[in-house]
Amino acid sequence: MRPHVNQRQAQVLALVRERGSVRVADLAQELGISPVTLRRDIEAMAARGEIQRMHGVISRVQAGAASAHGGAGGVARAAGPGGSGGSAGSGAGEGLVIGMVVPTTEYYYAEVVRGARAAVEARGARLTVGLTRYLPGEDRTQADRLVSTGAHGLLLTPNWETGAPGPGEGAWAAELPVPTVLVERWAPPGHPAAALDRVASDHAHGAAGAVQHLAELGHKRIALASRSTPTATRLRSGYEAAVAALGLEPAPPWPPAGPGPVSDADLFSRMLEYLCDAVTGGVTAALIHSDTDAIMLIPRLQARGVRVPEDLAVITYDDEVAGMADVPLSAVAPAKHEVGARAAGLLLDRLSGVDPEESPRQHLELLPRLTIRS
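Okay, so the sequence shown: first residue is 70 according to my numbering, each after it adds one.
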């Protein structure tokens, strides 16, 4: 029988105090536990100020070193029985620093960050954010920076163009030395990062819900118009599944991308041309991603003789500004705030001594909500 997490951590502490320092790999082999389990123990013990860790080695705390942890020694507590430890005032994250790597703190991710911050601060921890602006390699740079400056765990949104890593991409996310939760990203089975905890919106469900609503209104041919974004792949899979399941007529295929890079202006023009051609071809409704594109497209469609909603009913995806349009637009809203909060709560649970062998890794997908506006 495996020792309980408290017994195992007591063993680790006794060995470190006896020897002064020990390599993590050697200690895992000696105790007969997985390196992943040992790293979780080490994170919890380091957060309580019981040991020091650096580059694969842990050592006993030197006299006076506890104060360097900002008074964190002894204050990290495990979640209570039957609960996630997410309630305000639980103390389960006191002294912990949570790093969060996101592309931006504007638009979509503003609410994700707010949700994470609320959950982190409710448990006495602190959130620090690194921005990537979708720059190549910047996600790893920011993750390493946050860890090196003291983050005990990471909420990570890598710069994966389709929301999932491409071939040979992203293995580093599974090799980070602190507990990590993917946020609004996913890794396919077999990828090293597939074993990480993750919390994401079920964009496929959201797109399918929009198609189903439009079909219930009598629309037989429905289009999807979306730029290439990390969300677009899941939107299209949900859209295509719903069209097939409901027996709808397929819309004209999305035009293939031309050679070389395409500017935002060109992408927008392509969306406009696609929708105009689609209406000519019998399409009477469309799901448009995102709100801002829809709000900009509608007057241009009307200038081309396409009346909205008489000729083309529109539902947008994201629901950031859909309600602010001249004619408020129905929209699908991912649960952005809750995604951030759930991801932060899951990470704090891991850092509070929850044994990953006793608490399985989690892949959570939260369902978006369709808001109908007349």
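Backbone N, C-alpha and C define an ideal beta-carbon position, used for all residues, glycine too.
For valine 408, the first and last residue of its enclosing alpha helix (DSSP H): In the sequence shown, the residue the question calls residue 408 occupies position 339. Segment 405-420, the alpha helix (DSSP H) holding valine 408.
Three or more C-beta pairs under 8 Å: does that hold for the region 402-415 against the region 170-190? yes
If we ignore side chains and look at the alpha-carbon of each, how far apart do glutamine 211 and threonine 353 end up? The residue given as residue 211 occupies position 142 in the sequence shown. The residue given as residue 353 occupies position 284 in the sequence shown. For glutamine 211 and threonine 353, the distance between alpha carbons rounds to 45 Å.
Would you be able to state if there are at least three C-beta pairs under 8 Å between the region 310-329 and the region 237-257? no
According to the neighbour-count rule (16 or more other Cβ atoms, all chains shown, within 10 Å of its Cβ), is serine 217 buried or exposed? Numbered from 1 along the sequence shown, position 148 holds the residue referred to as residue 217. With fewer than 16 Cβ atoms within 10 Å of its Cβ, serine 217 is classed as exposed.
For my contact list, valine 198 and valine 171 are in at a C-beta cut-off of 8 Å; report their separation, rounded to the angstrom. Within the sequence shown, the letter at position 129 stands for residue 198. Within the sequence shown, the letter at position 102 stands for residue 171. Contact holds; Cβ gap of about 7 Å.
Output the distance between the C-alpha atoms of arginine 129 and histidine 432, rounded to the nearest integer angstrom. Taking the sequence shown and counting its residues from 1, one reaches residue 129 at position 60. Taking the sequence shown and counting its residues from 1, one reaches residue 432 at position 363. C-alpha separation (whole angstroms): 35 Å.
I need the DSSP call for glutamine 431, collapsed to helix, strand or coil. Translated into positions along the sequence shown, residue 431 becomes position 362. DSSP places glutamine 431 in coil when its eight states are reduced to three.
For threonine 249, which three-state DSSP category applies? Walking along the sequence shown from the start, residue 249 turns up at place 180. Three-state DSSP puts threonine 249 in a strand.
CB-CB under 8 Å to histidine 274, same chain, minus the five flanking residues each way: which ones, in chain order? Taking the sequence shown and counting its residues from 1, the one referred to as residue 274 is at position 205. Closer than 8 Å at Cβ, skipping near neighbours: Gly307, Glu434, Leu436 and Pro437.
Environment of valine 396 [buried if 16+ CB atoms lie within 10 Å]: Taking the first residue of the sequence shown as position 1, residue 396 is located at position 327. Label assigned to valine 396: exposed.
Whole runs of the beta strand (DSSP E) within the region 208-244, excluding any shorter than 3 residues: 222-225
Using 8 Å for Cβ pairs, my map puts proline 205 next to asparagine 228. What's the rounded Cβ distance? Numbered from 1 along the sequence shown, position 136 holds the residue referred to as residue 205. Numbered from 1 along the sequence shown, position 159 holds the residue referred to as residue 228. Going by Cβ atoms, the distance from proline 205 to asparagine 228 rounds to 7 Å, so yes, they are a contact pair.
Histidine 282 lies in the beta strand (DSSP E); which residues open and close that run? Here the question's residue 282 lines up with position 213 in the sequence shown. Histidine 282 -> not in any beta strand (DSSP E); alpha helix (DSSP H) instead, spanning 272-285.
For a quick check, are the C-beta atoms of glycine 412 and valine 268 less than 8 Å apart? Residue 412 sits at position 343 when you count from the first residue of the sequence shown. Residue 268 sits at position 199 when you count from the first residue of the sequence shown. Per the sequence shown, the amino acid found at residue 412 is alanine instead of glycine. Yes, these two residues count as a Cβ contact at 8 Å.
Identify, in the order they occur along the chain, each residue of the same chain with its Cβ nearer than 6 Å to the Cβ of arginine 419, setting aside the five sequence neighbours on each side. On the sequence shown, residue 419 is found 350 positions in, with the first residue counted as 1. Within the same chain, arginine 419 has close Cβ partners Pro248.
Just tell me which of Ala400, Ile102, Gly374 and Thr349 has its CA closest to the CA of isoleucine 364. Position 295 of the sequence shown, counted from the first residue, corresponds to residue 364. Among Ala400, Ile102, Gly374 and Thr349, the Cα nearest to that of isoleucine 364 belongs to Ala400.
Helix, strand or coil at valine 352 according to DSSP, with G and I counted as helix: Walking along the sequence shown from the start, residue 352 turns up at place 283. Of the three classes helix, strand and coil, the one that applies to valine 352 here is coil, per DSSP.
Check glutamate 87 in the structure and name its three-state DSSP category. Residue mapping note: residue 87 aligns to position 18 of the sequence shown, counting from 1. Three-state DSSP puts glutamate 87 in a helix.
Using the DSSP secondary-structure output, state which residues sit across from aspartate 266 in a beta bridge. Counting from 1 along the sequence shown, the entry for residue 266 is found at position 197. Note: aspartate 266 sits in a beta bridge opposite Val250.
Start-to-end residues for the beta strand (DSSP E) that takes in tyrosine 386: As a working mapping, residue 386 is identified with position 317 in the sequence shown. Per DSSP, tyrosine 386 belongs to the beta strand (DSSP E) from 382-386.
Just the C-alpha distance for leucine 317 and glycine 193, rounded to the nearest angstrom, thanks. The residue labelled residue 317 in the question sits at position 248 within the sequence shown. The residue labelled residue 193 in the question sits at position 124 within the sequence shown. Near 51 Å, if we compare the C-alpha coordinates of glycine 193 and leucine 317.
Environment of serine 295 [buried if 16+ CB atoms lie within 10 Å]: Counted from its first residue, the sequence shown places residue 295 at position 226. Counting Cβ neighbours within 10 Å, serine 295 comes out buried, since at least 16 surround it.
Measuring straight from C-alpha to C-alpha, what distance separates serine 428 and threonine 106? As a working note, residue 428 is residue 359 in the sequence shown. As a working note, residue 106 is residue 37 in the sequence shown. Distance between the alpha carbons of serine 428 and threonine 106: 11 Å.
Determine the DSSP secondary structure at alanine 79, reduced to helix, strand or coil. As a first step, residue 79 is located in the sequence shown; it is residue number 10 there, counting from the start. Note: alanine 79 maps to helix in three-state DSSP.
Cβ separation of leucine 245 and alanine 276, assumed to be a contact under 8 Å, to the nearest whole Å: The residue given as residue 245 occupies position 176 in the sequence shown. The residue given as residue 276 occupies position 207 in the sequence shown. About 32 Å separates the two Cβ atoms, so there is no contact after all.
Drop a sphere of 10 angstroms on the beta-carbon of isoleucine 111, count the other beta-carbons inside from all chains shown, and report buried for 16 or more, exposed for fewer. As a first step, residue 111 is located in the sequence shown; it is residue number 42 there, counting from the start. Burial call: buried.
Does valine 181 come out as helix, strand or coil in the three-state DSSP assignment? Walking along the sequence shown from the start, residue 181 turns up at place 112. In this structure, valine 181 counts as helix in the three-state DSSP scheme.
Spatial neighbours of leucine 336 within its chain, please: CB distance less than 6 Å, with the 5 preceding and 5 following residues excluded, ordered by chain position. Indexing the sequence shown from 1 puts residue 336 at position 267. Answer for leucine 336: Arg296, listed in chain order.
Please name the residue or residues paired with leucine 196 in a DSSP beta bridge. Taking the sequence shown and counting its residues from 1, the one referred to as residue 196 is at position 127. Note: leucine 196 sits in a beta bridge opposite Ile167.
At the level of alpha carbons, what is the spacing between alanine 145 and valine 74? As a first step, residue 145 is located in the sequence shown; it is residue number 76 there, counting from the start. As a first step, residue 74 is located in the sequence shown; it is residue number 5 there, counting from the start. Caution applies to alanine 145, whose pLDDT of 31 falls short of 50 and renders its modelled position unreliable; the model cannot decide the point.
Contact defined as beta carbons within less than 8 Å: I believe alanine 115 pairs with glutamine 121. What is the distance between those atoms, to the nearest angstrom? As a first step, residue 115 must be located in the sequence shown, where it is residue number 46. As a first step, residue 121 must be located in the sequence shown, where it is residue number 52. With a Cβ gap of about 7 Å, alanine 115 and glutamine 121 count as contacting.
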